[in-house]
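K.L.:
Protein chains in written order, with the numbering used here: chain A, 4 to 165; chain B, 4 to 165.
Submitted below is the structure of interest, expressed as structure tokens.
Protein chains: 2
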Amino acid sequence: MPSDPIAEAHRLWVAHGWADAADGMAAITSLMRAQQIVLARVEAVLKPHGITFARYEVLMLLYFSRRHSLPMTFIGERLQVHPTSVTNAVDRLQAAALVRRTPHPHDRRSTIVELLPAGREVAEAATADLNDQVFGAPWIKPAEITNLIEVIAQIRRQAGDF
Amino acid sequence: MPSDPIAEAHRLWVAHGWADAADGMAAITSLMRAQQIVLARVEAVLKPHGITFARYEVLMLLYFSRRHSLPMTFIGERLQVHPTSVTNAVDRLQAAALVRRTPHPHDRRSTIVELLPAGREVAEAATADLNDQVFGAPWIKPAEITNLIEVIAQIRRQAGDF
DNA sequence: GTCCAACAGTAGGACGGCCTAGTATCTCTT
DNA sequence: AAGAGATACTAGGCCGTCCTACTGTTGGAC
């Protein structure tokens, strides 16, 4: 059984006199690796539904909104992604007839994205699968999950994420 | 001050009867967001050095290897990325004259990537900046950092990462 | 009232990740 | 010794992210 590459990197960091940065390096590298692992699982579950995680997030944002519709700008701010990424995601969702663009009634610069019934179906079906196969699956102990949420919330808060 | 979008999503998950998956959803969403935040910081620090995080990881792997050279395959396995991603990164590092490709002495299928002196310089300078501005910076409390490493190690181990 | 700065969205391009397909080489079986 | 399967790498393409540049619209300063 091979050793943990991150623990190995940590050891090398200390050996090179970078001990005060070794923990931070290991934590950030861990974060990168974990995200990659988890994203791959999520994408695998979403693939049969014909969407990606980026598009799933847009769908759920619309799903939870009062009128099942939101301005492009709001979506970008909420998901913390660049406006062009929203354009990209909405383009593909619209091509799949899951959402549609509607002009804003008062501001002709703005565009409203509206969830279509087909999009609502996909959102519900995809969520059922994700809840069953990923979110609700026993990947780590429940206590550790809430711990993880708490620690990351600190990072996010410190970065001005909320 | 707006509330935490992830806490909000958690609340909605519970309200829709998905309580048993709410924590997992929040943890995974947190992971995604945190990775995005941290990666952006790392990339900003590396940008003046003319490399990205993907290429930095390759450079450091070579930097720590005995002969400052490794097979393409080994790099991909260690970094847990697709072989084509290694090809991509090495292409760009080679174009920047930081590494070079060398034929494997015994196996003509294989290619050895060798760190050049210029690559060594960049690796050291980039690491100094990363240690100073990201890895060693006080983004969360030290105890929380080791906690994060531990929890993520469980996820990675469960996923067969090591 | 006019003009200009700010804003909303999109087009085009760079980059990293993956997948599939293809070539070249090795290795094992028979 | 020969063929089959595994292995190493790469080319081309898709997707999501970002950046810059551009068009159109709004709203406030004057």
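Glycine is no exception: its CB is placed at the ideal position from the N, C-alpha and C atoms.
Would you mind reading off the limits of the beta strand (DSSP E) that contains Pro106 of chain A?
P.N.:
Looking up residue 106 of chain A in the first sequence gives position 103. First-last of the beta strand (DSSP E) with Pro106 of chain A: 102 to 106.
K.L.:
Which runs of the beta strand (DSSP E) spanning at least 3 residues fall entirely within the region 56 to 128 of chain B, listed in chain order?
P.N.:
If we require 3 residues or more, the beta strand (DSSP E) runs fully inside the region 56 to 128 of chain B come out as 72 to 74, 102 to 106, 114 to 118.
K.L.:
State the Cα-Cα distance for the pair Val137 of chain B and Glu117 of chain A, rounded to the nearest angstrom.
P.N.:
Locating residue 137 of chain B in the second sequence gives position 134, counting from the first residue. Locating residue 117 of chain A in the first sequence gives position 114, counting from the first residue. Approximately 40 Å between the Cα atoms of the pair.
K.L.:
CA-CA distance, Gln157 of chain A and Ile158 of chain B?
P.N.:
Locating residue 157 of chain A in the first sequence gives position 154, counting from the first residue. Locating residue 158 of chain B in the second sequence gives position 155, counting from the first residue. Looking at the two C-alpha atoms, the distance is approximately 20 Å.
K.L.:
Return the residue from the list B:Ser72, B:Ser68, B:Leu34, B:Asn91 that minimises the CA-CA distance to Leu15 of chain A.
P.N.:
Within the first sequence, numbered from 1, the residue matching residue 15 of chain A stands at position 12. Cα-wise, what sits closest to Leu15 of chain A is B:Ser68.
K.L.:
Can you find a CB in chain A that lies within less than 8 Å of the CB of Phe169 of chain B?
P.N.:
A query on residue 169 of chain B cannot be resolved here, the shown segment of chain B reaching from 4 to 165 and no further.
K.L.:
Kindly indicate which three-state DSSP category Asp26 of chain B falls into: helix, strand or coil?
P.N.:
As a working note, residue 26 of chain B is residue 23 in the second sequence. DSSP places Asp26 of chain B in helix when its eight states are reduced to three.
K.L.:
Are the CB atoms of Arg81 of chain B and Leu64 of chain B within a distance shorter than 8 Å?
P.N.:
The residue you call residue 64 of chain B lines up with position 61 of the second sequence. The residue you call residue 81 of chain B lines up with position 78 of the second sequence. Yes, Cβ-Cβ distance for Leu64 of chain B and Arg81 of chain B is below 8 Å.
K.L.:
In whole angstroms, what separates the C-alpha of Leu62 of chain A from that of Trp21 of chain A?
P.N.:
Here residue 62 of chain A corresponds to residue number 59 of the first sequence, with the count starting at 1. Here residue 21 of chain A corresponds to residue number 18 of the first sequence, with the count starting at 1. The alpha-carbon atoms of Leu62 of chain A and Trp21 of chain A are separated by roughly 44 Å.
K.L.:
Strictly below 7 Å CB to CB, what residues from chain A border Ile148 of chain B?
P.N.:
Start at 1 with the first residue of the second sequence, and residue 148 of chain B comes out as number 145. Going along chain A in sequence order, the residues near Ile148 of chain B (Cβ under 7 Å) are Asp26, Gly27, Ala30.
K.L.:
Looking at chain B, is there any beta carbon in it that lies within less than 8 Å of the beta carbon of Arg81 of chain A?
P.N.:
What you label residue 81 of chain A is simply residue 78 of the first sequence in a count that begins at 1. Yes, Arg81 of chain A lies at the interface with chain B (some Cβ there is under 8 Å from its Cβ).
K.L.:
Name, please, each residue of chain A whose Cβ falls closer than 8 Å to the Cβ of Met35 of chain B.
P.N.:
Counting from 1 along the second sequence, the entry for residue 35 of chain B is found at position 32. The answer, in chain order, is Gln38, Val41, Leu42, Phe56.
K.L.:
Taking C-beta pairs closer than 8 Å, name the residues in chain B that Ser6 of chain A reaches, listed in chain order.
P.N.:
Within the first sequence, residue 6 of chain A is the residue found at index 3, counting from 1. Going along chain B in sequence order, the residues near Ser6 of chain A (Cβ under 8 Å) are Phe165.
K.L.:
Considering only the alpha carbon of each residue, which of B:Met28, B:Ser6, B:Ile9, B:Ile152 lies closest to Ala140 of chain A?
P.N.:
Position 137 of the first sequence, counted from the first residue, corresponds to residue 140 of chain A. With distances taken between Cα atoms, Ala140 of chain A lies closest to B:Met28.
K.L.:
Going by alpha carbons, who is nearest to Met75 of chain A out of A:Ala12, A:Ala98, A:Arg112?
P.N.:
For the purposes of this step, residue 75 of chain A is taken as the residue at position 72 of the first sequence. Out of A:Ala12, A:Ala98, A:Arg112, A:Arg112 has the C-alpha closest to the C-alpha of Met75 of chain A.
K.L.:
Have a look at Val48 of chain A and Leu119 of chain B and give me their C-alpha separation to the nearest angstrom.
P.N.:
If you number the first sequence from 1, residue 48 of chain A lands on position 45. If you number the second sequence from 1, residue 119 of chain B lands on position 116. Straight-line Cα distance between these residues: approximately 42 Å.
K.L.:
Ala162 of chain A CB to nearest chain B CB: under 8 Å?
P.N.:
By 1-based counting over the first sequence, the position of residue 162 of chain A is 159. Taking Cβ atoms only, chain B reaches closer than 8 Å to Ala162 of chain A, which makes this a yes.
K.L.:
Under the assumption that Ser33 of chain B contacts Ile155 of chain A (Cβ atoms under 8 Å), give the Cβ distance between them as a whole number of angstroms.
P.N.:
Looking up residue 33 of chain B in the second sequence gives position 30. Looking up residue 155 of chain A in the first sequence gives position 152. So it is a contact: roughly 4 Å between Cβ atoms.
K.L.:
At a cut-off of 7 Å, would you count Leu64 of chain B as near the ligand COA, judging by its Cβ distance to the nearest heavy atom?
P.N.:
With respect to the ligand COA, the structure offers nothing, as it holds no ligand at all.
K.L.:
Could you check whether the Cβ of Arg70 of chain A sits closer than 8 Å to any Cβ belonging to chain B?
P.N.:
As a first step, residue 70 of chain A must be located in the first sequence, where it is residue number 67. So, not an interface residue.
K.L.:
Could you check where the alpha helix (DSSP H) with Trp16 of chain B kicks off and where it finishes?
P.N.:
Position 13 of the second sequence, counted from the first residue, corresponds to residue 16 of chain B. 8 to 18 is the extent of the alpha helix (DSSP H) around Trp16 of chain B.
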